[in-house]
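Reviewing the structure listed below.
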Amino acid sequence: MALKIYNTLSKKKEEFKPINPGKVGMYVCGPTVYYYIHIGNLRAYTLPDVLRRYLEYLGYEVRMIKNITDVGHLTQDDLLQGDTGEDKILKKALAEKKTPEEIAHFYEEYFHATEKEMNILPAHYFPRATAHIPQMIRITEGLIKKGCAYEKNGNVFFDVTKFADYGKLSGNTLKNLKVGARLEEHPDKKNPWDFALWLKAPKEHLLKWESPWSLGYPGWHIECTAMSTEYLGDTLDIHTGGEDNIFPHHEAEVAQTECYTGTKFVNFWVHTRHLLVDGKKMSKSKGNSYRLEDIKEKGYSSMELRIALLSSHYRSPMNFTWQIMDQAKSNLETLNNFYARLMNHEVKLNEKLSNLTTENYRQKFEEAMNDDLNAPKALAVILRLINDGNKLMDENLLGNSGEVKKFLETALKTFGIKPDVLEVPEKVKTLAEKRKSARDGKDFKKSDELREKIEKLGFTIEDLKDNNYIVKKK
Ligand code: AMP
Ligand code: ZN
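Taking the numbering used here, I'd label the letters of the sequence shown as residues 15 to 488.
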């Protein structure tokens with residue numbers, strides 16, 4: 015069975031086929047770096063990461079580009095009293111007279127550090143919008159030449175009536191829009207639903223560039239057209255983003271790119287539904303906007319957050335609760351223990367030895383992932399394997415622990431889950447072995463003393479049914 019992905023453009027699951035055999039070009043709408051990324055953003059970045067990992071599992075060579083939106087439409091006033099006003103670091107930056115560039119770099123660093131902690135593979139390139147202004151100007155010039163865009167008073171707008179397919183991605187066709195979408199007003203627009211490609215900068219605007227039309231700054235949508243086509247060509251295999259990006263951002267990207275290149279922009283549009291917290295949209299004022307630090311402060315790890323984010327399908331809205339984190343914690347513990355057990359497992363010759371048919375689990379795992387990346391279902395297959403494997407090990411009957419371990423590692427790599435393999439010091443290992451001999455010889459006094467010694471060193475022992483044991487962190 016081949017990989018099928020839900021395509022927002024066709025509104026159905028389609029078999030994935032790349033433009034060039036064996037190679038995949040992927041563009042991910044990246045962060046706006048004027049604030050810390052939150053766990054909702056992390057959901058939107060975990061999906062393309064798992065998609066990329068699974069494509070690599072299937073043998074594709076993937077090239078991923080993720081942009082950094084550092085062209086905020088910031089004014090000094092925004093910096094002083096905008097929605098970042100609560101942010102101590104930004105206040106400090108302002109007090110220290112930091113520039114918007116320095117602030118953007120600060121949040122960009124935070125974004126990279128958070129992705130790393132979440133084990134999200136780094137994109138092959140992270141282009142910054144501010145480094146691609148000449149490309150945006152070139153495309154805007156081309157669009158004016160083709161009659162798809164017009165200039166007035168130093169501002170340039172895309173004329174949506176010139177793109178017959180406008181609305182094909184979001185369903186917001188011009189006919190539907192007339193019924194009442196909320197759109198930005200601007201006195202220089204011909205139609206209210208035209209969108210800006212270039213805007214003349216008011217005096218107080220901090221970031222501005224020379225252009226054929228005015229000293230100004232680009233519209234938001236044009237940056238993704240410029241950067242995606244620059245690094246991946248006119249047609250992309252896959253473009254991802256959160257559901258809020260579908261309109262107007264991605265609809266505008268389709269219109270301007272296809273007008274400019276005259277060819278199809280994206281074969282597969284993949285969108286993640288939003289993450290809600292306690293059933294509500296995250297917002298700083300409601301106090302329900304979490305970032306990785308908040309999760310860690312409550313005693314959960316980044317790997318547990320990753321498992322939690324994978325525990326619901328990317329096309330279902332996800333409601334984040336602490337119960338979900340508890341479940342993820344327990345699943346990670348099950349997984350770590352099983353992995354540790356496999357690492358230490360010695361196959362004891364026994365005529366009733368039985369092999370776990372990893373091929374069956376592999377098939378089920380692939381079936382789930384091929385069905386529009388059903389990670390929660392694939393994760394359930396792995397938990398079933400763990401359950402079955404543990405039962406066999408309890409009876410000392412597992413004959414192919416090496417093969418099971420290899421399959422488990424491949425599956426976990428696809429999820430981006432790193433099992434936490436505990437580094438046990440030699441001293442603790444020796445004490446644990448001595449304790450086992452004491453127990454085997456029914457010298458429980460000695461075995462208890464040894465347990466105490468082990469605990470003093472910060473470790474503990476869990477005895478298993480098969481007369482084996484696992485060393486854990488206390
Ligand atoms: P932004 O920095 O606001 O441009 O957002 C970066 C990415 O995160 C975009 O793809 C958004 O669609 C996505 N995103 C923002 N909020 C959420 C959320 N609550 N749940 C899932 N994705 C989100
Ligand atoms: Zn974008």
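C-beta atoms are modelled at their ideal positions from N, C-alpha and C, and glycine is treated no differently.
Closer than 6 Å: residue i CB and nearest ligand 2 heavy atom
i: Cys-43; result: yes
i: Cys-519; result: This structure cannot settle anything about residue 519, because the visible part of the chain is limited to 15 through 488.
Nearest neighbour of residue i, chosen from the options [CA to CA]
i: Asp-434; options: Lys-456, Lys-391, Leu-349 and Lys-405; result: Leu-349
i: Glu-141; options: Lys-479, Asn-55, Ser-368 and Pro-45; result: The displayed chain sequence assigns Pro, not Glu, to residue 141. If we check each option's Cα against that of Pro-141, Pro-45 comes out closest.
i: His-263; options: Val-42, Pro-32 and Lys-26; result: Val-42
i: Ile-53; options: Phe-125, Glu-165 and His-119; result: Phe-125
i: Trp-227; options: His-235, Lys-214, Thr-239 and Glu-218; result: Lys-214
i: Ser-368; options: Glu-409, Val-268 and Glu-129; result: Glu-409
i: Asn-281; options: Asp-292, His-253 and Asn-302; result: His-253
i: Asp-340; options: Thr-474, His-359, Leu-319 and Arg-355; result: Leu-319
i: Leu-72; options: Ile-468, Glu-380 and Tyr-20; result: Glu-380
i: Phe-30; options: Met-383, Asn-358, Ala-394 and Asn-482; result: Met-383
i: Met-357; options: Val-284, Glu-311 and Leu-436; result: Leu-436
i: Leu-191; options: Glu-466, Gly-276 and Glu-265; result: Glu-265
i: His-146; options: Tyr-314, Met-15 and Thr-243; result: Thr-243
i: Lys-366; options: Thr-444, Met-407, His-285 and Val-395; result: Met-407
i: Ser-315; options: Ala-342, Gln-377 and Asp-292; result: Ala-342
i: Leu-69; options: Lys-405, Arg-465, Leu-387 and Gly-313; result: Leu-387
i: Asn-302; options: Leu-290, Arg-57 and Glu-311; result: Leu-290
i: Gly-181; options: Ser-24, Arg-66, Tyr-50 and Asp-292; result: Ser-24
i: Ala-210; options: Ala-178, Glu-224, Leu-157 and Asp-179; result: Leu-157
i: Tyr-231; options: Trp-212, Lys-176, Ile-51 and Lys-217; result: Trp-212
i: Ala-269; options: Glu-466, Ala-163, Val-442 and Glu-123; result: Ala-163
i: Gln-55; options: Glu-423, Asn-259 and Gly-403; result: In the sequence on display, residue 55 carries Asn and not Gln. Per the Cα distances, Asn-259.
i: Ser-225; options: Glu-155, Lys-160 and Gly-293; result: Glu-155
i: Met-132; options: Lys-405, Met-317, Val-438 and Glu-466; result: Met-317
i: Asn-481; options: Lys-450, Lys-443 and Glu-218; result: Lys-450
i: Glu-75; options: Thr-249, Met-241, Arg-453 and Met-40; result: Met-40
i: Lys-443; options: Asp-454, Glu-423, Ile-475 and Arg-453; result: Ile-475
i: Gly-233; options: Thr-249, Glu-28, Glu-267 and Asp-402; result: Glu-267
Short Cβ contact (7 Å threshold) for residue i with residue j
i: Phe-172; j: Asp-208; result: yes
i: Glu-257; j: Arg-305; result: no
i: Leu-229; j: Pro-114; result: no
i: Ala-392; j: Val-64; result: no
i: Leu-324; j: Phe-421; result: no
i: Tyr-274; j: Ile-153; result: yes
i: Phe-352; j: Ile-400; result: yes
i: Asp-251; j: Val-38; result: yes
i: Thr-277; j: Thr-239; result: no
i: Val-361; j: Tyr-375; result: no
i: Trp-139; j: Val-47; result: The identity of residue 139 in the sequence shown is Tyr, whereas the question assumes Trp. In this structure, Val-47 does not lie closer than 7 Å to Tyr-139 by Cβ.
i: Gly-255; j: His-285; result: yes
i: Thr-372; j: Glu-417; result: yes
i: Ile-19; j: Thr-128; result: no
i: Lys-479; j: Leu-445; result: no
Whole-angstrom C-beta distance between residue j and residue i, which should lie under 8 Å
i: Glu-237; j: Asn-414; result: Not a contact, Cβ separation roughly 52 Å.
i: Asn-205; j: Val-174; result: 6 Å
i: Asp-202; j: Thr-144; result: No, Asp-202 and Thr-144 are not in contact; Cβ-Cβ is about 24 Å, not under 8 Å.
i: Lys-488; j: Phe-473; result: 6 Å
i: Ile-321; j: Leu-346; result: 6 Å
i: Trp-283; j: Asn-34; result: With 8 Å as the limit, Trp-283 and Asn-34 do not qualify as a contact, their Cβ atoms being about 19 Å apart.
i: Lys-441; j: Leu-464; result: In fact, because the Cβ distance is near 12 Å, the residues do not count as touching under 8 Å.
i: Leu-135; j: Arg-57; result: Incorrect: roughly 16 Å between the Cβ atoms, too far for contact.
i: Leu-370; j: Leu-426; result: At roughly 16 Å, the Cβ-Cβ gap does not stay under 8 Å, so Leu-370 and Leu-426 are not in contact.
Any non-hydrogen atom of ligand 1 closer than 6 Å to residue i Cβ
i: His-288; result: yes
i: Ala-58; result: yes
i: Thr-46; result: yes
i: Gly-230; result: no
i: Asp-258; result: yes
i: Asn-169; result: no
i: Asp-293; result: The identity of residue 293 in the sequence shown is Gly, whereas the question assumes Asp. Checking every heavy atom of ligand 1 against the Cβ of Gly-293, none is found closer than 6 Å.
i: Asn-55; result: yes
i: Gly-185; result: no
i: Gly-247; result: no
i: Gly-255; result: yes
Residue-level contact to chain D via CB, residue i, 7 Å cutoff
i: Leu-183; result: Although the question refers to chain D, the structure presented lacks it and comprises just one protein chain.
* Say whether the segment 309–329 touches the segment 291–301, bearing in mind that this needs 3 or more beta-carbon pairs closer than 8 Å, one atom from each stretch. => Touching, no.
* Within the chosen definition, does the segment 333–345 reach the segment 72–80 through at least 3 CB pairs nearer than 8 Å? -> The answer is no - the segment 72–80 does not touch the segment 333–345, with fewer than three Cβ pairs under 8 Å.
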